[in-house]
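First residue of the sequence shown? That's 1000 in my numbering, and the numbers climb one at a time after it. Virtual Cβ for every residue (Gly too), placed ideally from N, Cα, C. Structure first, then comments.
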Amino acid sequence: MSMPITVNVPDNLYRHIKRLAQASGRNVADVMNSMMSVSLLPLTIPTSEVPLEKLSDAEVLELADSRMNPTQNARMSELLDKQQAGDISSAEKDELAVLVYIYEQGSLLKVKALSEAIRRGVREPVNA
1000 MSMPITVNVP
1010 DNLYRHIKRL
1020 AQASGRNVAD
1030 VMNSMMSVSL
1040 LPLTIPTSEV
1050 PLEKLSDAEV
1060 LELADSRMNP
1070 TQNARMSELL
1080 DKQQAGDISS
1090 AEKDELAVLV
1100 YIYEQGSLLK
1110 VKALSEAIRR
1120 GVREPVNA
């Protein structure tokens, strides 16, 4: 059984949901439904509301060294295995898309923080 509802979301949130829908080949309503179901998991999206330049050295280093939540990481690995085996449901595809998005956002923030730490001289440059 399902209950129709109307929800007003900020434009930027809608754009993110629409991108996930396009990437997964699903409609926005299905993705939102899956995201709300997934939200019951202990999910965290790493963000920095304050510009990195305004953070302390310790805060920048903490972001540079951050990792994905272990529960999220384990679930993402499980879903990636199911996807590779061709045994993943539509809801799991949406859940995986959300987890990959969280991973990508965390990685982007980590790279920006590492760059800021190197700029400040509190972290040595990574040798390629």
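Exercise. When you compare only the Cα positions, how much space is there between GLU1103 and ARG1118?
Worked result: 22 Å
Problem set entry | Boundaries of the alpha helix (DSSP H) in which VAL1115 is found, first to last residue | What sits at residue 1115 in the sequence shown is Glu, not Val. That run of the alpha helix (DSSP H) goes 1089 to 1119.
Exercise. Since SER1076 is in the alpha helix (DSSP H), which residue starts that stretch and which ends it?
Worked result: 1069 to 1083
Problem set entry | Helix, strand or coil at ILE1004 according to DSSP, with G and I counted as helix | coil
For this session: Would you kindly work out how many angstroms separate the C-alpha atoms of ARG1122 and LEU1107, rounded to a whole number?
Result: 17 Å
Exercise. Which class does LEU1060 belong to by DSSP, given the choice of helix, strand or coil?
Worked result: helix
Exercise. What residue range is occupied by the uninterrupted alpha helix (DSSP H) comprising ASN1011?
Worked result: 1010 to 1023
Exercise. For LEU1095, which residues from the same chain have a beta carbon less than 6 Å from its beta carbon, with the 5 sequence-adjacent residues on both sides left out?
Worked result: LEU1078
Problem set entry | Buried or exposed (CB count within 10 angstroms, at least 16 for buried), MET1035 | exposed
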